[in-house]
Amino acid sequence: MLKGWLKWKSKLKRYPVIPGTVVGIFIFLALFGELLAPHPPNEMSLTKKFIPPVWQGGGSIAYPLGTDMLGRDMLSRIMAGARISFFVAILSILLGGLVGTGLGIISGYYGGTWDVLLMRTADATLAFPIILLAMLLAIVLGPSLQNVVVSLGLVLWARYARIIRGEVLSVKERDFVALARVAGSSNVRIMFRHIFPNIRSTLLVLLTLQVGWVIIVEASLSFLGAGIPGPQPVWGSMISKGREYITTAWWIPFFPGLAVALVCLCFNMLGDWLREVLDPKLRQVGGGG
Amino acid sequence: MMNPLLEVKELRTYFYTRWGTVKAVDGVSFHVNERETFGLVGESGCGKSITCLSILRLVSQPAGRIVGGEVLLQGEDLVKKSEREMRKIRGSKISMILQDPMTSLNPVFTVGAQVTEGIRIHQGLKGKSLWERARNMLEMLHVPSPEIRLRNWPHQLSGGMRQRIVGAIALSCEPRLLIADEPTTALDATIQLQYLRLLRELQEKTGLSMIFITHNFGVVARMCRRAAVMYAGKIVETAEVRELFNRPSHPYTEALMRSVPKAEEKVEKLMSIEGQVPPLHNLPPGCIFAPRCSYVKDKCRVDYPPTAEINKEHTVSCWNFC
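For the record, the sequence lines run as chains A and B. Residue numbering for the first sequence follows the numbering used here, starting at 13 and increasing by one per position. Residue numbering for the second sequence follows the numbering used here, starting at 7 and increasing by one per position.
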């Protein structure tokens with residue numbers, strides 16, 4: 013008992029405090045950001061446009077990070093924008109993870125024709141430039157939240173399928189799988205009761221490492237105009253719209269960009285930590301990119 | 007004469023590979039009586055394990071297939087059973103122990119979860135009686151402080167202990183037949199002996215029959231009443247163990263016996279059998295052992311010898327006895 017606790021304590025010691033806090037704030041903002049924002053994020057005021065951040069000359073304490081070209085409060089928009097980034101990331105990763113893991117397990121377990129078919133499809137998906145594919149899908153399906161999620165899920169599954177398949181291939185050769193079969197377990201039972209628990213930690217690390225990447229892809233899609241449309245505050249499109257003003261009002265594209273970079277970095281650091289805690293052998297499992 | 011528990015008749019399991027058909031098990035016949043331990047001896051790759059997997063109908067599809075023969079368990083032919091019927095038989099009537107205790111247990115479940123799983127599925131026990139049953143199984147296998155062991159994870163146990171847990175799982179549903187595939191190879195010598203004793207004790211207690219797969223003649227002598235020697239997918243000789251040791255009749259068995267070093271003789275060089283096992287997808291015509299046999303005749307290179315009976319329990323496939 014004590015030994016187990018000490019082991020956990022030493023692992024928790026290496027818990028990355030700053031990335032953990034940033035991710036915590038991000039999730040909190042995603043849930044409550046819109047309520048906490050000092051101004052309604054879509055409230056325009058043409059008299060108050062291009063106010064610089066508070067520490068620069070002409071700044072105002074009412075708008076700590078300044079206002080954009082339509083006079084909307086930057087801080088409020090970034091806070092509210094966390095929600096979309098977060099939900100797109102979570103939903104598309106769940107979708108891609110669920111489909112990818114399922115197909116990966118089936119592919120690795122049964123092998124043969126299905127394996128070849130699924131893995132070549134995954135290869136094709138991975139070989140294609142992912143932004144291009146997601147953009148194509150988003151444009152064909154029309155830009156909306158669901159479609160961004162679906163198109164991200166459609167490119168994400170291949171990564172999961174590949175890595176999970178590899179794991180299944182190694183786990184299924186171990187004797188306990190043979191013994192489970194000798195003991196009369198069905199294929200479905202062996203796949204999900206005996207093999208899946210062995211790859212849970214790989215899956216968890218993979219999930220965490222992909223959050224950052226998905227946030228960047230979603231921001232890129234919005235930046236390119238294939239993401240979430242309309243007046244909703246989205247980090248990607250905030251960067252995109254603000255880029256014309258970068259010479260005169262640098263804060264308009266800078267702060268959303270900083271938010272994307274920071275959140276992505278912190279999720280990756282958290283994922284790395286998780287990988288080490290869960291299994292030192294998993295160091296080769298890659299994130300996105 | 008007792009009725010045999012298991013009777014394997016002319017079993018053939020072939021693998022269809024890109025290099026041709028591999029006859030991994032080619033016309034194997036033997037029987038295992040009630041409460042008897044039957045040894046299956048042979049070098050690596052001679053088809054011992056595939057024979058046992060065929061009995062359980064677990065040869066990996068679609069490359070491998072049972073192409074002929076019968077496997078009669080208490081008179082019922084397992085080859086004709088549906089997959090669903092086989093699942094019920096596996097674990098509850100036939101069970102298995104594999105050689106490596108390190109990978110035989112699932113690392114992400116506690117010992118208790120793994121011991122109870124089979125009992126829950128096959129016997130439908132629940133809750134306290136299930137746990138009780140699992141504890142009794144561990145006690146039966148002489149696992150000290152079973153209550154604690156049930157809560158342990160596999161990595162917390164030693165190799166010998168794990169192999170006992172594997173044994174407890176295998177025997178938890180009171181199977182009639184236990185297939186032990188080199189169960190002591192991965193254990194160290196003192197633990198090996200302990201484990202073999204334990205298996206014999208359990209056999210006496212439960213009246214179980216065993217098929218013992220091994221390449222160790224010492225283990226055969228200690229454990230089995232009768233044994234069969236396999237070579238390249240065929241059984242070349244079957245006999246009572248004492249008879250097999252005193253009067254090995256097939257040239258292959260004889261050569262194997264000679265290659266076991268003896269303590270009382272000083273030898274410069276260990277005996278070995280000339281040549282190599284022929285590739286299984288490209289077997290020579292006639293007797294498969296002919297290219298390495300020191301008693302080879304012209305006939306041996308043309309036709310495979312029929313099975314000759316030396317006495318009631320001693321059969322051999324060799325032209326020298328026909």
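Here a beta-carbon is modelled for each residue, glycine too, at the ideal position from N, C-alpha and C.
Query raised in the report: Name the DSSP bridge partner or partners of Asp85/A?
Result: Numbered from 1 along the first sequence, position 73 holds the residue referred to as residue 85/A. As computed with DSSP, Asp85/A is found in a beta bridge with Thr79/A.
Query raised in the report: From the beta carbon of Phe204/A, is the nearest beta carbon of chain B less than 8 Å away?
Result: If you number the first sequence from 1, residue 204/A lands on position 192. No, no contact with chain B.
Query raised in the report: Could you give the C-beta distance for Val172/B and Ser255/B, rounded to a whole number, given that I count them as a contact under 8 Å?
Result: Taking the first residue of the second sequence as 1, we reach residue 172/B at position 166. Taking the first residue of the second sequence as 1, we reach residue 255/B at position 249. 36 Å between Cβ atoms; not a contact.
Requested in this report: Could you confirm whether any beta carbon from chain B is found closer than 8 Å to the beta carbon of Phe188/A?
Outcome: Within the first sequence, numbered from 1, the residue matching residue 188/A stands at position 176. Yes - at least one Cβ of chain B is within 8 Å of the one on Phe188/A.
Query - Nearest neighbour of Phe58/A, chosen from Val223/A, Glu46/A and Thr79/A [CA to CA] - result: Residue 58/A sits at position 46 when you count from the first residue of the first sequence. The displayed chain sequence assigns Leu, not Phe, to residue 58/A. Checked all of Val223/A, Glu46/A and Thr79/A; the closest Cα to Leu58/A is Thr79/A.
Query raised in the report: When the Cα atoms are used, what is the spatial distance from Val117/B to Leu177/B?
Result: Along the second sequence, read from residue 1 onward, the residue named residue 117/B stands at position 111. Along the second sequence, read from residue 1 onward, the residue named residue 177/B stands at position 171. Rounded to the nearest angstrom, the gap between the Cα atoms of Val117/B and Leu177/B is 15 Å.
**Report entry** Boundaries (first-last residue) of the beta strand (DSSP E) holding Val28/B
**Finding:** Along the second sequence, one-based indexing puts residue 28/B at 22. Gly26 to Asn39 is the span of the beta strand (DSSP E), which, as asked, contains Val28/B.
Requested in this report: Pull up the DSSP beta-bridge partners for Lys240/B, would you.
Outcome: Stepping through the second sequence from its first residue, residue 240/B is reached at position 234. According to DSSP, which records beta bridges pairwise, Lys240/B is partnered with Tyr237/B.
Report task. Report yes or no: is there a C-beta of chain A within less than 8 Å of the C-beta of Pro291/B? Result -> Your numbering for residue 291/B matches position 285 in the second sequence. No - not a single Cβ of chain A is within 8 Å of the one on Pro291/B.
Query - Nearest residue (CA-CA) to Gln209/B, options Ala227/B, Leu184/B, Trp159/B and Leu250/B - result: Working through the second sequence from its first residue, we reach residue 209/B at position 203. The option with the nearest alpha carbon to Gln209/B is Leu184/B.
**Report entry** Interface partners of Asp106/B on chain A, CB under 7 Å
**Finding:** Indexing the second sequence from 1 puts residue 106/B at position 100. Within chain A, the residues near Asp106/B are Asp187.
Query raised in the report: Taking a cut of 9 Å between CB atoms, which residues from the region 113-141 of chain B lie near chain A?
Result: Pro113, Val114, Phe115, Gln120, Glu123, Gly124, Ile127 and His128
Query raised in the report: Is there a Cβ from chain C that is less than 8 Å from the Cβ of Pro50/A?
Result: Annotation note: the requested chain C is absent from the structure, which comprises protein chains A and B.
Requested in this report: Spatial neighbours of Ile56/B within its chain, please: CB distance less than 7 Å, with the 5 preceding and 5 following residues excluded, ordered by chain position.
Outcome: In the second sequence, counting from the first residue as 1, residue 56/B sits at position 50. Cβ within range, chain order: Thr19, Ala30, Val31 and Val65.
Requested in this report: Mark Thr125/A as exposed unless 16 or more other C-beta atoms lie within 10 angstroms of its C-beta, in which case mark it buried.
Outcome: Counting from 1 along the first sequence, the entry for residue 125/A is found at position 113. It is exposed - the Cβ of Thr125/A has fewer than 16 other Cβ atoms within 10 Å.
Query raised in the report: So what does DSSP say about Gly269/A, is it helix, strand or coil?
Result: Working through the first sequence from its first residue, we reach residue 269/A at position 257. It is helical.
Query raised in the report: In chain A, which residues lie with their C-beta within 7 Å of the C-beta of Leu11/B?
Result: Here residue 11/B is taken as the residue at index 5 of the second sequence, counted from 1. Here the premise fails: no neighbours, minimum Cβ distance about 17 Å.
Query raised in the report: Are the C-beta of Pro209/A and some C-beta of chain B separated by less than 8 Å?
Result: One-based indexing of the first sequence puts residue 209/A at position 197. Chain B contact via Cβ: present.
Report task. Helix, strand or coil for Met167/B, going by three-state DSSP, please let me know. Result -> Counted from its first residue, the second sequence places residue 167/B at position 161. Met167/B falls in the helix class under three-state DSSP.
Requested in this report: Rounded to whole angstroms, what's the CA-CA distance from Phe40/A to Ile63/A? Just pull it up for me.
Outcome: As a first step, residue 40/A is located in the first sequence; it is residue number 28 there, counting from the start. As a first step, residue 63/A is located in the first sequence; it is residue number 51 there, counting from the start. About 27 Å.
Requested in this report: Since I believe Thr220/A is in contact with Leu6/A (beta carbons under 8 Å), could you give me their beta-carbon distance rounded to a whole number of angstroms?
Outcome: This structure cannot speak to residue 6/A, because chain A is shown only from 13 to 301.
Report task. Indicate whether Thr220/B and Gly45/B have their beta-carbon atoms separated by less than 8 Å. Result -> Position 214 of the second sequence holds residue 220/B. Position 39 of the second sequence holds residue 45/B. Yes.
Query - Three-state secondary structure (DSSP) of Lys15/B - result: Start at 1 with the first residue of the second sequence, and residue 15/B comes out as number 9. Lys15/B: strand per DSSP, three-state reduction.
Query raised in the report: Are the C-beta of Gly196/A and some C-beta of chain B separated by less than 8 Å?
Result: Here residue 196/A corresponds to residue number 184 of the first sequence, with the count starting at 1. Chain B, which has a Cβ nearer than 8 Å to the Cβ of Gly196/A, makes this yes.
Query raised in the report: In angstroms, rounded to a whole number, what distance separates the CA positions of Pro241/A and Phe44/A?
Result: Here residue 241/A corresponds to residue number 229 of the first sequence, with the count starting at 1. Here residue 44/A corresponds to residue number 32 of the first sequence, with the count starting at 1. Approximately 21 Å, taken between the alpha carbons.
Query - Residues near Gly300/A by beta carbon distance below 6 Å, same chain, minus five either side - result: The residue given as residue 300/A occupies position 288 in the first sequence. Because the pLDDT at Gly300/A is just 43, under 50, the model does not fix this residue reliably, and the point stays unresolved.
Query raised in the report: By Cβ distance below 7 Å, which residues in the same chain neighbour Ser119/A in space, the five residues on each side in sequence not counted?
Result: Start at 1 with the first residue of the first sequence, and residue 119/A comes out as number 107. Answer for Ser119/A: Trp126, Asp127, Leu130, Met131, Ala173 and Arg177, listed in chain order.
Query raised in the report: Over what stretch of residues does the alpha helix (DSSP H) that includes Val73/B continue unbroken?
Result: Taking the first residue of the second sequence as 1, we reach residue 73/B at position 67. Here Val73/B belongs to no alpha helix (DSSP H); instead the beta strand (DSSP E) covers Gly70 to Leu79.
**Report entry** Which of helix, strand or coil DSSP assigns to Gly283/A
**Finding:** One-based indexing of the first sequence puts residue 283/A at position 271. Three-state result, Gly283/A: helix.
Query - chain B contacts from the region 76-89 of chain A (Cβ-Cβ distance under 9 Å) - result: none
**Report entry** Own chain partners of Gly48/B with C-beta closer than 7 Å, once the 5 adjacent residues on each side are dropped
**Finding:** In the second sequence, counting from the first residue as 1, residue 48/B sits at position 42. Closer than 7 Å at Cβ, skipping near neighbours: Lys54, His221, Val235, Met236 and Tyr237.
Report task. Compare the beta carbon distance of Val246/A and Gly93/A with 8 Å and say whether it is the shorter of the two. Result -> As a first step, residue 246/A is located in the first sequence; it is residue number 234 there, counting from the start. As a first step, residue 93/A is located in the first sequence; it is residue number 81 there, counting from the start. Going by C-beta atoms, Val246/A is nearer than 8 Å to Gly93/A.
Query raised in the report: Do Asn210/A and Val114/B have their C-beta atoms within less than 8 Å of each other?
Result: Position 198 of the first sequence, counted from the first residue, corresponds to residue 210/A. Position 108 of the second sequence, counted from the first residue, corresponds to residue 114/B. Contact: yes.
Query raised in the report: Which stretch, first to last residue, makes up the alpha helix (DSSP H) that contains Asp187/B?
Result: Sequence index remark: in the second sequence, residue 187/B carries index 181 (1-based). No alpha helix (DSSP H) contains Asp187/B, which is instead part of the beta strand (DSSP E) from Leu183 to Asp187.
**Report entry** Exposure label - Tyr75/A; buried when at least 16 CB within 10 Å
**Finding:** Taking the first residue of the first sequence as 1, we reach residue 75/A at position 63. Buried, because 16 or more other Cβ atoms sit within 10 Å of the Cβ of Tyr75/A.
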